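Going line by line, the protein sequences match chains Z and P.
Be aware that the first sequence starts at 1, since it is given in the UniProt record's numbering, and climbs by one per residue.
Be aware that the second sequence starts at 1, since it is given in the UniProt record's numbering, and climbs by one per residue.
Ideal Cβ placement from N, Cα and C applies to all residues, glycine included.
Owing to the predicted nature of the structure, the values given are computational and were not obtained by experimental measurement.
See below for the structure under consideration.
There are 2 protein chains.
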Amino acid sequence: MTDRNPLARSLQLLWEGLPERAKGPKSRLTLGQIVTAGIELADADGIEALSMRKLAQKLDVGTMSLYRYVPSKGELLDLMLDAVVGPSQARRTAAERGWREFLATTARETRKLYITHSWALQANWSRPVLGPNSVADLNLFFTGVKNLSSSDQEKMNLATVIDSYVTGTVRQELLWLNASSESGMSDDEFWTYQLPTLNRVMSSGRFPAMAELSENTFDSTWEENFEFGLGLILDGLEARLRRP
Amino acid sequence: MTDRNPLARSLQLLWEGLPERAKGPKSRLTLGQIVTAGIELADADGIEALSMRKLAQKLDVGTMSLYRYVPSKGELLDLMLDAVVGPSQARRTAAERGWREFLATTARETRKLYITHSWALQANWSRPVLGPNSVADLNLFFTGVKNLSSSDQEKMNLATVIDSYVTGTVRQELLWLNASSESGMSDDEFWTYQLPTLNRVMSSGRFPAMAELSENTFDSTWEENFEFGLGLILDGLEARLRRP
DNA sequence: CATTGTTGCGTACGGAGTACGCCATACGAT
DNA sequence: ATCGTATGGCGTACTCCGTACGCAACAATG
Numbered sequence: 001m002t003d004r005n006p007l008a009r010s011l012q013l014l015w016e017g018l019p020e021r022a023k024g025p026k027s028r029l030t031l032g033q034i035v036t037a038g039i040e041l042a043d044a045d046g047i048e049a050l051s052m053r054k055l056a057q058k059l060d061v062g063t064m065s066l067y068r069y070v071p072s073k074g075e076l077l078d079l080m081l082d083a084v085v086g087p088s089q090a091r092r093t094a095a096e097r098g099w100r101e102f103l104a105t106t107a108r109e110t111r112k113l114y115i116t117h118s119w120a121l122q123a124n125w126s127r128p129v130l131g132p133n134s135v136a137d138l139n140l141f142f143t144g145v146k147n148l149s150s151s152d153q154e155k156m157n158l159a160t161v162i163d164s165y166v167t168g169t170v171r172q173e174l175l176w177l178n179a180s181s182e183s184g185m186s187d188d189e190f191w192t193y194q195l196p197t198l199n200r201v202m203s204s205g206r207f208p209a210m211a212e213l214s215e216n217t218f219d220s221t222w223e224e225n226f227e228f229g230l231g232l233i234l235d236g237l238e239a240r241l242r243r244p
Numbered sequence: 001m002t003d004r005n006p007l008a009r010s011l012q013l014l015w016e017g018l019p020e021r022a023k024g025p026k027s028r029l030t031l032g033q034i035v036t037a038g039i040e041l042a043d044a045d046g047i048e049a050l051s052m053r054k055l056a057q058k059l060d061v062g063t064m065s066l067y068r069y070v071p072s073k074g075e076l077l078d079l080m081l082d083a084v085v086g087p088s089q090a091r092r093t094a095a096e097r098g099w100r101e102f103l104a105t106t107a108r109e110t111r112k113l114y115i116t117h118s119w120a121l122q123a124n125w126s127r128p129v130l131g132p133n134s135v136a137d138l139n140l141f142f143t144g145v146k147n148l149s150s151s152d153q154e155k156m157n158l159a160t161v162i163d164s165y166v167t168g169t170v171r172q173e174l175l176w177l178n179a180s181s182e183s184g185m186s187d188d189e190f191w192t193y194q195l196p197t198l199n200r201v202m203s204s205g206r207f208p209a210m211a212e213l214s215e216n217t218f219d220s221t222w223e224e225n226f227e228f229g230l231g232l233i234l235d236g237l238e239a240r241l242r243r244p
């Protein structure tokens, strides 16, 4: 336990929290309070609005006090991330209804999660967070696919594939969602401004395949799109199971 | 052309570049030089190392001079992004070898692109970039799936699904790649530090499904993983074509 | 030559993350 | 009850960021 490497402190925070100290003044905060406040701030105003100063203000402490609990902002984001993931009840019950039902539920629940906490995908670009909730997630996954006749290695690949697909689709969705909100205009306004330019380009002859697309080409909702791709993946898996 | 909306300037930069001025001193730079230098910087040192000051230094001009060419850093990133995407030769030739070959090539080429320019995914969180190369990309896509017996709407869904899958997998891959590099240790060191903690957790009884996984569960390469998921999607599509 | 629209860019402002060190605190030993 | 000491709170300050503003050098037009 006397590891002297930088990751040890990080992992300890995730798995065991702050050590209880005997001496010294009482802490005004707990790690949980900081993490929760951080999540609230990020949920409400986006990841770019989450600064250590604002967080300290919200908690009514000095800015630098936070650093008695968390070694850096990066670690705080890791803690926030692990606090937000983890097995939901819906997934736990779905784990007993066959692998297809379980995988679909997992994908849908994960999508919901990332849409609710849209900062989670942007926050996490430096390192994978191996916290208790992430591991519990993976544990539930292997429970849910227990009856799938694949090797463990293939199951792990499947976990990655589904997670990749979900995060990829959510990223797309958030991209378009942010487009209008950040520029301070409604979705309609946004398109009204872009359409003239795009129409001119489309009819320029440079993009013949796009010029002859049907009217409703871009009309799918994000959810329809998501279900379409999810169906493809699961159908592909089923087909592969029939003839290996 | 006398639009007075904020997006007009943005779209104009993407599609037409800077207007040529008659009067005044000669420009020391071109938009292309700035974009290229930005890409070089981001490729070499990552997106967080790309600041307007460093970029100006690299180009040997004053920092604020850049703002005569580009209205903000965000717009610069948009330009960099569109400069980096666009149809490759491999995809163009694959467009005539049937939809399955074309889709697989598209996915693989896009993956390579995002791995080469790993900043591209992180840079683009505010709005979708509808530049000439992005549109050319989509145009090629519809050319490549011309013989696919689906509606245009379904084809568009397919484009989104594949792009989502690719960006999702690359994000995962970069996440683990950055983990070791950013913390300044090799991949091996990184794991040496984490494994003791993880092993303790695994054998704690809290995660029974994970405790009994086979040795090679986590041994797949990222490329194998990628091909696995890609195969599932394409197989699913084929199955769906046989019985709609 | 005078006018005028442009470019280059120095200065400066507000906000970010966080290193450092001082002071108040409260337990453990005496 | 007292003292020593480890600990928490946090004010100050440093560096780095994006960029608003305004002035001076410049070049084509009248």
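Against chain P, with Cβ distances strictly below 8 Å, would Val135 (chain Z) count as a contact? For the purposes of this step, residue 135 (chain Z) is taken as residue 135 along the first sequence, with counting starting at 1. Yes, Val135 (chain Z) lies at the interface with chain P (some Cβ there is under 8 Å from its Cβ).
Go through its chain and collect everything with a Cβ distance to Pro87 (chain P)'s Cβ below 7 Å, but skip five positions before and after it. As a position in the second sequence, residue 87 (chain P) is number 87, starting the count at 1. Counting only Cβ-Cβ distances below 7 Å, and skipping sequence neighbours, we find Ala136, Asp137 and Leu140.
What's the call for Ser203 (chain P), buried or exposed, on a 16-neighbour Cβ count within 10 Å? Translated into positions along the second sequence, residue 203 (chain P) becomes position 203. Label assigned to Ser203 (chain P): exposed.
Quick check on DSSP: helix, strand or coil for Tyr69 (chain P)? In the second sequence, the residue the question calls residue 69 (chain P) occupies position 69. Coil.
Counted within 10 angstroms of its Cβ, other Cβ atoms place Glu212 (chain Z) as buried (16 or more) or exposed: For the purposes of this step, residue 212 (chain Z) is taken as residue 212 along the first sequence, with counting starting at 1. With fewer than 16 other Cβ atoms within 10 Å, it is exposed.
Please decide whether Ala179 (chain Z) counts as near chain P, where near means a Cβ-Cβ distance under 8 Å. Along the first sequence, read from residue 1 onward, the residue named residue 179 (chain Z) stands at position 179. Yes, contact with chain P.
Flag this pair as yes or no: are the beta carbons of Ile34 (chain P) and Leu66 (chain P) separated by less than 8 Å? As a working note, residue 34 (chain P) is residue 34 in the second sequence. As a working note, residue 66 (chain P) is residue 66 in the second sequence. Taking 8 Å as the Cβ cut-off, Ile34 (chain P) and Leu66 (chain P) qualify as a contacting pair.
Of all Cβ atoms in chain Z, is any one closer than 8 Å to the Cβ of Arg127 (chain P)? Indexing the second sequence from 1 puts residue 127 (chain P) at position 127. True, the Cβ-Cβ gap to chain Z drops below 8 Å.
Does Thr197 (chain Z) come out as helix, strand or coil in the three-state DSSP assignment? Looking up residue 197 (chain Z) in the first sequence gives position 197. If DSSP states are grouped into helix, strand and coil, Thr197 (chain Z) belongs with the helices.
Determine, for Glu75 (chain P), whether the minimum Cβ-Cβ distance to residues of chain Z falls below 8 Å. In the second sequence, residue 75 (chain P) corresponds to position 75, counting from 1. Answer no: the Cβ-Cβ gap between Glu75 (chain P) and chain Z never drops below 8 Å.
Of all the CB atoms in chain P, is at least one closer than 8 Å to the CB of Ile233 (chain Z)? If you number the first sequence from 1, residue 233 (chain Z) lands on position 233. With 8 Å as the cut-off, Ile233 (chain Z) counts as an interface residue toward chain P.
List, in chain order, every chain P residue whose beta-carbon is nearer than 8 Å to that of Ser164 (chain Z). On the first sequence, position 164 is the one that residue 164 (chain Z) refers to. What Ser164 (chain Z) touches in chain P: Tyr165, Gly168, Thr169, Arg171, Gln172 and Gly229.
Would you kindly work out how many angstroms separate the C-alpha atoms of Met185 (chain Z) and Arg171 (chain Z), rounded to a whole number? The residue you call residue 185 (chain Z) lines up with position 185 of the first sequence. The residue you call residue 171 (chain Z) lines up with position 171 of the first sequence. Rounded to the nearest angstrom, the two C-alpha atoms are 20 Å apart.
Alpha helix (DSSP H) runs contained entirely in the UniProt domain "HTH tetR-type" (28-88) of chain Z, provided each spans 4 or more residues: 31-45, 52-59 and 73-84
Using a beta-carbon distance below 8 Å, is Ala120 (chain Z) in contact with chain P? As a working note, residue 120 (chain Z) is residue 120 in the first sequence. No, Ala120 (chain Z) lies away from the interface with chain P (no Cβ there is under 8 Å from its Cβ).
Contact check, Ser134 (chain P) vs Asp82 (chain P), beta carbons under 8 Å: To locate residue 134 (chain P), count along the second sequence from 1; it is residue 134. To locate residue 82 (chain P), count along the second sequence from 1; it is residue 82. The answer is yes: Cβ separation under 8 Å.
Could you check whether the region 148-168 of chain P touches the region 35-54 of chain P, counting it as contact only if at least three pairs of C-beta atoms, one from each stretch, sit closer than 8 Å? no
Per-residue contacts from Met210 (chain P) into chain Z (C-beta, under 8 Å): Sequence index remark: in the second sequence, residue 210 (chain P) carries index 210 (1-based). Simply Val135, Leu138, Asn139 and Phe142.
Flag this pair as touching only if the region 53-67 of chain P and the region 92-102 of chain P have three or more C-beta atom pairs under 8 Å; answer yes or no. no
Rounded to whole angstroms, what's the CA-CA distance from Val61 (chain Z) to Gln122 (chain Z)? Just pull it up for me. By 1-based counting over the first sequence, the position of residue 61 (chain Z) is 61. By 1-based counting over the first sequence, the position of residue 122 (chain Z) is 122. Their backbone Cα atoms lie some 27 Å apart in a straight line.
Taking only three categories from DSSP, how would you classify residue 298 (chain P)? Because chain P is modelled from 1 through 244, residue 298 (chain P) falls outside the range shown and cannot be assessed.
Would you tell me roughly how many angstroms separate the C-alpha atoms of Leu18 (chain Z) and Ser27 (chain Z), rounded to the nearest one? Counting from 1 along the first sequence, the entry for residue 18 (chain Z) is found at position 18. Counting from 1 along the first sequence, the entry for residue 27 (chain Z) is found at position 27. Between Leu18 (chain Z) and Ser27 (chain Z), the C-alpha separation is close to 11 Å.
Among the residues of its own chain, which have a CB less than 8 Å from the CB of Val129 (chain P), if the five just before and after it don't count? Within the second sequence, numbered from 1, the residue matching residue 129 (chain P) stands at position 129. Here the set comprises Leu14, Asp78, Leu81 and Asp82.
Is the beta carbon of Ile162 (chain P) sitting closer than 8 Å to the one on Ala107 (chain P)? Start at 1 with the first residue of the second sequence, and residue 162 (chain P) comes out as number 162. Start at 1 with the first residue of the second sequence, and residue 107 (chain P) comes out as number 107. Closer than 8 Å, so yes.
Going by beta carbon distance, what residues of the same chain come within less than 6 Å of Asn124 (chain P), once the five residues before and after it are set aside? Your numbering for residue 124 (chain P) matches position 124 in the second sequence. Around Asn124 (chain P): Leu81.
Specify, as a first and last residue, the run of the alpha helix (DSSP H) that Val145 (chain Z) falls within. What you label residue 145 (chain Z) is simply residue 145 of the first sequence in a count that begins at 1. First-last for Val145 (chain Z): undefined, no H or E at that position.
Give a yes or no on whether the minimum CB-CB distance between Asp60 (chain P) and chain Z is below 8 Å. Here the question's residue 60 (chain P) lines up with position 60 in the second sequence. No - not a single Cβ of chain Z is within 8 Å of the one on Asp60 (chain P).
Can you check which of these residues, Z:Leu175, Z:Trp119 and Z:Leu11, is closest to Val70 (chain Z) by C-alpha distance? Position 70 of the first sequence holds residue 70 (chain Z). Here the closest residue by C-alpha is Z:Leu11.
How many whole angstroms separate the CB atoms of Leu113 (chain Z) and Val85 (chain Z), which I take to be in contact at a CB cut-off of 8 Å? In the first sequence, counting from the first residue as 1, residue 113 (chain Z) sits at position 113. In the first sequence, counting from the first residue as 1, residue 85 (chain Z) sits at position 85. Sure, about 7 Å apart at Cβ, within 8 Å.
What is the residue span of the alpha helix (DSSP H) that Ser164 (chain P) lies within? Here residue 164 (chain P) refers to the residue found at position 164 of the second sequence. Start and end: Asp152 to Glu182.
Secondary structure of Val129 (chain Z), DSSP reduced to three states: Residue mapping note: residue 129 (chain Z) aligns to position 129 of the first sequence, counting from 1. Val129 (chain Z): coil per DSSP, three-state reduction.
Let me see if you follow: with CB-CB separation under 8 Å, is Met64 (chain Z) close to chain P or not? For this step, residue 64 (chain Z) is matched to residue 64 along the first sequence. Closer than 8 Å: no.
Might you give, ordered along the chain, the residues of its own chain that have their beta carbon closer than 6 Å to the beta carbon of Phe102 (chain Z), omitting 5 neighbours on each side? The residue you call residue 102 (chain Z) lines up with position 102 of the first sequence. So the list reads Ala94, Ala95 and Gly144, once near-sequence residues are dropped.
Could you check whether Gly168 (chain P) and Thr167 (chain Z) sit closer than 8 Å to each other, using their CB atoms as the reference points? As a first step, residue 167 (chain Z) must be located in the first sequence, where it is residue number 167. As a first step, residue 168 (chain P) must be located in the second sequence, where it is residue number 168. A contact, by the Cβ cut-off of 8 Å.
Using a Cβ-Cβ cut-off of 8 Å, state whether Thr2 (chain P) counts as contacting chain Z. What you label residue 2 (chain P) is simply residue 2 of the second sequence in a count that begins at 1. Confidence is the limiting factor: at Thr2 (chain P) the pLDDT is only 41, short of 50, which leaves the residue's position unreliable, though a coordinate-based value still follows. Answer no: the Cβ-Cβ gap between Thr2 (chain P) and chain Z never drops below 8 Å.
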